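Enquirer: Position one of the sequence shown corresponds to residue 1 (full-length UniProt numbering), numbered consecutively onward. Handing you a structure now.
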Amino acid sequence: MEADAETVFNYLGKRYEDAFLDSPKLCQVVRRTISALEPHSRVLDVGCGTGKPVADIVASAGHEVYGIDISETMVNIAHSQVRGTFQKADMRQYTPPCAMDAVFAVYSLFQISPSDTHSMVFKFAEWLREGGLLVLGVTPSTSLRSDQGTFDPVWGCIREVIKPWMTWVTKETFLSEQGWLDLLRQAGFSIEAERLFQFLPNDAEHKTAEAHYLLVARKTTSTPLLGPYPLPQEHAVLPLLHEKTWASLQRQLVIEGGQTPVLGHMAGAQSLLELGCGLSSFMKASEMSFDGATQSLPALLERLPFADGQFNATFSTFALDSVPNLRSALSELARITDPSSPAASITIVQGAPDNEVIRLLNSVCLPRSTQTPQPSHQGYLLHYAKKVLSMEGFGNISLHRVRSKYVFAEHDTVNHVADLVAGSRYREDNKLEEMKKALAPHLLNLFSEHPDTLRNDLVMLIARPTPN
Numbered sequence: 001m002e003a004d005a006e007t008v009f010n011y012l013g014k015r016y017e018d019a020f021l022d023s024p025k026l027c028q029v030v031r032r033t034i035s036a037l038e039p040h041s042r043v044l045d046v047g048c049g050t051g052k053p054v055a056d057i058v059a060s061a062g063h064e065v066y067g068i069d070i071s072e073t074m075v076n077i078a079h080s081q082v083r084g085t086f087q088k089a090d091m092r093q094y095t096p097p098c099a100m101d102a103v104f105a106v107y108s109l110f111q112i113s114p115s116d117t118h119s120m121v122f123k124f125a126e127w128l129r130e131g132g133l134l135v136l137g138v139t140p141s142t143s144l145r146s147d148q149g150t151f152d153p154v155w156g157c158i159r160e161v162i163k164p165w166m167t168w169v170t171k172e173t174f175l176s177e178q179g180w181l182d183l184l185r186q187a188g189f190s191i192e193a194e195r196l197f198q199f200l201p202n203d204a205e206h207k208t209a210e211a212h213y214l215l216v217a218r219k220t221t222s223t224p225l226l227g228p229y230p231l232p233q234e235h236a237v238l239p240l241l242h243e244k245t246w247a248s249l250q251r252q253l254v255i256e257g258g259q260t261p262v263l264g265h266m267a268g269a270q271s272l273l274e275l276g277c278g279l280s281s282f283m284k285a286s287e288m289s290f291d292g293a294t295q296s297l298p299a300l301l302e303r304l305p306f307a308d309g310q311f312n313a314t315f316s317t318f319a320l321d322s323v324p325n326l327r328s329a330l331s332e333l334a335r336i337t338d339p340s341s342p343a344a345s346i347t348i349v350q351g352a353p354d355n356e357v358i359r360l361l362n363s364v365c366l367p368r369s370t371q372t373p374q375p376s377h378q379g380y381l382l383h384y385a386k387k388v389l390s391m392e393g394f395g396n397i398s399l400h401r402v403r404s405k406y407v408f409a410e411h412d413t414v415n416h417v418a419d420l421v422a423g424s425r426y427r428e429d430n431k432l433e434e435m436k437k438a439l440a441p442h443l444l445n446l447f448s449e450h451p452d453t454l455r456n457d458l459v460m461l462i463a464r465p466t467p468n
């Protein structure tokens, strides 16, 4: 049985520091990176371990250090020997207290899933200020033996590499050098430096050297939630959502707790138009009820059958993907929303760049579709919405990640889930059964990582009237 990261590093403690501390090439990259920072910068060390060498070098240079680690033992050691703020936290659930000037994630991404690996790179981009620096320390998949792990075409990685490591047996994820470069660029980073070298840890159980690959990247976009980058040049129109199947899938939607109230901006609205299906889950998460006049349509139309300014607020869920003329449809949302209302807002919900369901649809279903030649790019849709709504007088725009997931009953079969996922978009496609069959092994992979759950992180665009 493979050990998880918390178990491994609680056991290793100081032994891990002794094994990996003496790495001159790593220390050189750390020092060179922080030399580019302004004095007293805020720096986050993700998987900080004992704090040495990374956090210690950063703190010694006068910067404000934050460190997180899944291991309580490691955090306690870091507290005792490095100046900074350290806490036990799972990086996948963590939100930093402020925007960071630099983020280091050095040898801390091995024991998370392929999906989580992609998600973390996008989250690093969200945590950094624009122009901030990210340093990753990984081992590339090109250093593995050909019989290690399994290639996963959905995530472009080698998954489930089972290997002995410092007394334990671990299960790890690996990307190639090119895979890491591509992922960083998709999250809105430019590559500043790379370094690949062999490192032999100072530990009796290590008999062979490890390939260590260090990357330094700079955040070059203010909107990582609109990725993956680069954005396409035009909108690819998808088939309309199948109303019945989509409604069934949305009944499994759970908006995770502990987030800023996701519908607080709609409090006080007296009239609301819902487009698509899913508002009820957001209402539940926000502990809100809506007593005003509500109307709903299953899809966004290029001409809406409502009067000018009829609604205080509109709320749409995955409504942009199937609209041929985005400009007309978005202008219609602005037309029917009363800008004079104190609660005036246009809310558009689409998928986050690390959304598992969209990844499955784009990589597994779409290549088999007889209806859709190109994937619908969620970031492009939101980028275009920002542009049009600003032109229409709703230029006070913010973007928010919303953590959500689809949770299925234990008795739901993989085939049933595949039917909901593929059928929501491709119910009328004559390759539907082929899509469902192809989805099954990838669903099993995801369910092995988080049982009966598909992660469905969203991006909520909130557009309010442009201030005078």
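Don't be surprised by glycine CBs; every beta carbon is placed ideally from N, CA and C. All of these numbers come straight from a predicted model, not from anything done at the bench.
Pairs of beta-carbons, one from the region 44-61 and one from the region 223-239, closer than 8 Å: are there three or more?
Expert: Judged by Cβ distances under 8 Å, the region 44-61 makes no contact with the region 223-239, as fewer than three pairs qualify.
Enquirer: Starting from the N-terminal side, write out each stretch of the beta strand (DSSP E) that is 3 residues or longer and does not extend beyond the region 297-321.
Expert: Correct list: 313-317.
Enquirer: Which residues does DSSP pair with Leu133 in a beta bridge?
Expert: Ala102 and Arg218.
Enquirer: Looking at C-alpha atoms only, which residue of Met166, Pro324, Gly156 and Ala187 is the closest neighbour of residue 471?
Expert: With the chain running from 1 to 468 in the structure shown, residue 471 is simply not present.
Enquirer: Helix, strand or coil, according to DSSP, for Phe122 in the structure here?
Expert: Phe122: helix per DSSP, three-state reduction.
Enquirer: What does the Cβ neighbour count give for Ala267, buried or exposed, with the cut at 16 atoms within 10 Å?
Expert: Exposed.
Enquirer: Nearest-angstrom Cα distance between Tyr406 and Leu389?
Expert: Each residue's alpha carbon lies about 30 Å from the other.
Enquirer: By the 10 Å Cβ neighbour count, where 16 or more other Cβ atoms means buried, how is Gln378 classified, buried or exposed?
Expert: When all chains shown are included, Gln378 counts as buried.
Enquirer: Buried or exposed for Lys284, going by 16 or more other Cβ atoms inside 10 Å?
Expert: Lys284 comes out exposed.
Enquirer: Would you report the Cα separation of Thr85 and Leu136, rounded to the nearest angstrom?
Expert: About 21 Å.
Enquirer: Checking 9 Å against the spacing of the C-beta atoms, do Ile112 and Ala269 come in under that value?
Expert: Result no, Cβ atoms of Ile112 and Ala269 do not sit closer than 9 Å.
Enquirer: Tell me the rounded alpha-carbon separation between Phe197 and Trp165.
Expert: Each residue's Cα considered, the two are about 19 Å apart.
Enquirer: Our contact map puts Ile336 next to Phe311 with C-beta atoms below 8 Å; I'd like the distance itself, whole angstroms only.
Expert: Confirmed, Cβ separation roughly 6 Å.
Enquirer: Taking its Cβ as the centre, do 16 or more other Cβ atoms sit within 10 Å of residue 471, making it buried, or is it exposed?
Expert: Nothing about residue 471 can be reported from this structure: the residues present for the chain run from 1 to 468 only.
Enquirer: What does the alpha-carbon distance come out to for the pair Glu160 and Thr173?
Expert: Computed Cα separation, rounded: 6 Å.
Enquirer: Give me the DSSP bridge partner(s) of Cys157.
Expert: Answer by DSSP bridge pairing, in chain order: Asp152.
Enquirer: For Ser23 and Phe124, I'd like the C-alpha separation in whole angstroms.
Expert: Rounded to the nearest angstrom, the two C-alpha atoms are 24 Å apart.
Enquirer: Run through DSSP, which three-state label would Met441 get?
Expert: The sequence shown places Pro at residue 441, rather than the Met named in the question. Correct three-state label for Pro441: helix.
Enquirer: Where do the ends of the alpha helix (DSSP H) carrying Lys386 lie?
Expert: Unbroken alpha helix (DSSP H) run through Lys386: Gln378 to Met391.
Enquirer: Can you tell me whether Asp308 is buried or exposed, with buried defined as 16 or more other CB within 10 angstroms of its CB?
Expert: Classification for Asp308: exposed.
Enquirer: Cα-Cα, which of Pro441, Tyr380, Glu433 and Pro353 is closest to Arg401?
Expert: The shortest C-alpha separation from Arg401 is found at Pro353.
Enquirer: Here's the rule: buried if 16 or more other CB atoms are within 10 angstroms of the residue's CB, otherwise exposed. What is Cys365?
Expert: Classification for Cys365: buried.
Enquirer: Give every residue of the same chain whose Cβ lies closer than 8 Å to the Cβ of Ser115, excluding the five residues on either side of it in the sequence, and list them in chain order.
Expert: Taken in chain order, the residues that qualify are Trp155, Asp354, Glu356, Arg359, Leu446, Glu449 and Arg455.
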